[in-house]
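If you read the sequence shown in the numbering used here, its first letter stands for residue 5, the second for the next number, and so on. Here a beta-carbon is modelled for each residue, glycine too, at the ideal position from N, C-alpha and C.
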Amino acid sequence: MKAVILAAGVGSRLGKPYPKSLNKLPNGETILGRQIRILRKNGINEIYVVVGFKMGLIMESFPEVFYRYNPVYYVTNTSKSLLCAIRDMNDDVLWTNGDVIFDEEIIAHMVNQAGNAIAVNSSKCGEEEVKYKADNKNQLTAISKQVQDAHGEAVGINKISKEDIENFKSALENCSDNDYFEKGIEMLIDNGKKFNIVNISNFKCIEVDFEEDWKIATELFTQ
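And the structure:
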């Protein structure tokens, strides 16, 4: 299994002069450093970070991982950054948004889940969050910011199986430049592919978009 961390964006809503993934938690660990450490702890050693905005700062901080560069990061969204990473891959791939801080146990659950998987939180989520719905077999039926009567939030930690990765690449190719990668997942679902729900509501997990999110994150993850 390979891992991809999406860290190309500017993160303008947080308003920092450096990539959001380099924000430091109270213990001195960066968001990105924490993700890399947790992935390795769970046996994933081939890690690719997709960079764009001030990529040199990230690459100098973590020279021991692999990198993929999205040269048009400022006009494309996560669908194209993810495609940059997996275009030549033919393995199971676990990927994360580079601004998500999460408990270590979540990755273990994702690694152990067979097939394609989406980590979700079934608590109430805000209007700006990516939402999901699932059927009574615990399989994904819808995922986007526009899902009506949502069952909760998709937290930005996902896995695609080797069997479906070629189809996923094609879906990402067909996404618009401003689409999130969830659009590619929607396309696969529409074509009959299955994504299993991994409910991580009992664990801590937060995506950092705004200063308020960062304040909450530093309270949740003090160690």
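Legend entry - Cβ-based burial, D139 [other Cβ within 10 Å; buried from 16]: exposed
Legend entry - In DSSP terms, what R72 is bridged to: V54
Legend entry - Contact set for R303: own chain, Cβ-Cβ below 6 Å, skip 5 residues either direction: Nothing can be reported for residue 303: it is not among the residues displayed for the chain, which extend from 5 to 227.
Inset, instruction - For F106, write down the residues that DSSP places opposite it in a beta bridge. - result: C209
Legend entry - Cβ separation of L144 and I122, assumed to be a contact under 8 Å, to the nearest whole Å: 6 Å
Legend entry - Where the beta strand (DSSP E) through S148 begins and ends: 144-148
Inset, instruction - Grab the span of the beta strand (DSSP E) containing I204 for me, first residue to last. - result: Segment: none, I204 is in no beta strand (DSSP E) and carries neither H nor E.
Legend entry - Option in N206, K141, I48, I62 with minimal Cα separation from K28: I62
Inset, instruction - Thinking L43 and I111 are a contact (beta carbons under 8 Å), I'd like their distance in whole angstroms, please. - result: 6 Å
Legend entry - Opening and closing residue of the alpha helix (DSSP H) in which L98 lies: Segment 97-101 is the beta strand (DSSP E) holding L98; no alpha helix (DSSP H) there.
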